[in-house]
Every structure is written in structure tokens, then in C-alpha cells.
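Asker: Once you've had a glance at the structure underneath, I'll fire off some questions.
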Amino acid sequence: MEQFRLASRDTHPADTVVQVGQVKLGGKHRAFIAGPCSVESREQVMEIAQAIQGSAQILRGGAYKPRTSPYSFQGLGEEGLRFLQAAGQAVGMPVVAEVVSPEEVDLVSDYVDMLQIGARNMQNYALLKKVGSQDKPVLLKRGFAATIEELLLSAEYIMVSGNHQVVLCERGIRTFNDYTRNTLDLSAVPVLQQLSHLPVIVDPSHGTGQWNLVEPLAKGAMAVGAHGLIIEVHHHPEEALSDGPQSLKPEKYRALVHKLNRLVACLEGDGE
Ligand code: PEP
Ligand code: MN
């Protein structure tokens, strides 16, 4: 395991617990992250934050969006970060947002409790080094064509730069199956947990691309031992400026979390 020494369980057998605001993730600590794909307005993110308060522990919302098409909504930028921060403070939840370039890391970390590195940037080494040299925890998403080893080596880039607060995220990879947006690799969860001490969460929203597949894959993720989930939620998915088809309405999200909590209790032997 010379390759990813700092991320490896060989050199660090105990589970790492990452702290985001007051929320702990890793080891025995599980946490749910939820919110809109993109921050669209002050009202939109505030409404969603209030609707998921109590069901999610961390609020998500993108302000710098890495969109496949240059004609798609690119995010509100710093204004979006302000709206996200205000919503998080209003409901008492720490917030996470994506950062897409090294130049914006300091600005984004002024507003958020956790920095997200998206799938498209998993191997943007200048960005990894930059987030590794600041002190906010990092949510590192697996690239859609990245192997497990490549994901762990990207975590290593962040850690070797000084920041050991890294959460890994399986969000689906590209395969010959084109029925779902990506193929969610749930086997990555126990494999990563065997190889590494870092917390592992799952994104069933990008993993499937379809809101009605989020529930079964979320259940599967918790059953295979994920430390948490990141799920997209929107009040009016049909009007969302990004990722509406995979977004859950708040009431569906709350009902799902209720079932997931019961599932986890059963798995831990505390259920009926
Ligand atoms: C997102 O979380 O909205 C996102 C763009 O995710 P990914 O980088 O996994 O595609
Ligand atoms: Mn999205």
C-alpha cells in the first residue's frame, strides 16, 4: 500500500471520523447530506433547508456548477454561496458546496463548512493540492471513469498536502448500461472500507439519474455499510435549473429517511 499510504488502513487501522460543523461522519457516525443540486435563489434554498431540517444533518447546494453544456445554468457563484450559508445558519445545519477551480477555493471556504470536489475534477491535481492546504473537510466524489485505486490516490493528494479530513463518495461510474445515468457501484463501499480508514458515502441521485430509483439504491447503500448519503431534493423538480429528474420532493425525502433509520437500526440489531 505504498501507493496510498496516508489513506490506507494498513498505516491507520482505526476509522477516521470527519467533523463537519458539529456533525460527525465515519466510524459509528452516519450522516445524511441533502439539498438542491444548484442554489437557484435565496427563497429556494431556504425553503428546501427548512423542509429537510431534522431529516438531513448537512445542507448541500451548488453555486459553481460543472455543466456538460456551456449553455446550461452555471450556478449563481458567490451570491449562491451567500444564500446557502444563510439557509444553513437559519436551520442550524453545516453546508457543503462544490469548488471547481483552485483560484476559488479560498472564496468558497469562506462560506461553507465542507468543500466538494466533483466527479469531473477528481483528478484535477492542482485543485486537490489546494483543498489539501486549507482546513475545511473535503467531500471527494469518485470520477465516473475512475478506479478505486485512482480515487484513493486522489484522496492521498489531499492528505499529503496536510488535510486528513476527507470523505469519499461513490456516485456511479460509466458502463455499457445506458438505462440509468450512471451505474452505481455499491461494491465500492465495502472495498473502500477494507482498503481505507476514510468515511465512505453514496450519492444515489447522480448514481441513477431518476428520482424513483433513489430510494432502492439509498437502502442498498446503507445495507452495504455506507456512512451516509448525499441526496438531491427540490420543491419543484420539474422547474429545477439542474438535475430535476433525479431530485426528490421534500416529503418523499423525509419519508425515505424515516425508512432508512429503521433499516439501519435493524442492521445494527436494534430493530424489531
Ligand atoms: C453534484 O453533486 O451536483 C454533482 C455535479 O455531482 P458529480 O460531481 O458527482 O457529478
Ligand atoms: Mn447535481
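Residues in the sequence shown are numbered consecutively from 9, following this note's numbering.
Even for Gly, the Cβ is constructed at its ideal location relative to N, Cα and C.
Compute every distance between the C-beta of Pro-74 and the non-hydrogen atoms of the ligand PEP, then say whether any falls below 7 Å.
Answerer: yes
Asker: Give the single residue among Pro-245, Leu-176, Arg-189 whose Cα lies nearest to the Cα of Tyr-261.
Answerer: Pro-245
Asker: Would you check if the distance between the CB atom of Val-120 and the CB atom of Val-99 is smaller than 8 Å?
Answerer: no
Asker: Taking the alpha-carbon positions, what's the Ala-127 to Leu-268 distance?
Answerer: Cα-Cα distance, rounded: 25 Å.
Asker: Could you have a look at Leu-264 and say whether DSSP puts it in helix, strand or coil?
Answerer: In the three-state reduction of the DSSP assignment, Leu-264 falls in the helix class.
Asker: Under the DSSP definition of a beta bridge, which residues are partnered with Ser-46?
Answerer: Gly-70
Asker: Pull up the DSSP beta-bridge partners for Phe-40, would you.
Answerer: Leu-237
Asker: Between which residues of its own chain and Thr-216 is the CB-CB distance below 8 Å, once the five residues before and five after are set aside?
Answerer: Gly-180, Thr-188, Arg-189, Asn-190, Leu-192, Val-222, Leu-225, Gln-254
Asker: Does the Cβ-Cβ distance between Ile-60 and Val-241 come in under 8 Å?
Answerer: yes
Asker: When burial is assigned at 16 or more other CB atoms within 10 Å of the CB, is Glu-259 buried or exposed?
Answerer: Taking all protein chains shown into account, Glu-259 has fewer than 16 neighbouring C-beta atoms within 10 Å of its C-beta and is therefore exposed.
Asker: Give me the residue from Glu-55, Ser-63, Arg-50 with the minimum Cα distance to Gly-88.
Answerer: Here the closest residue by C-alpha is Arg-50.
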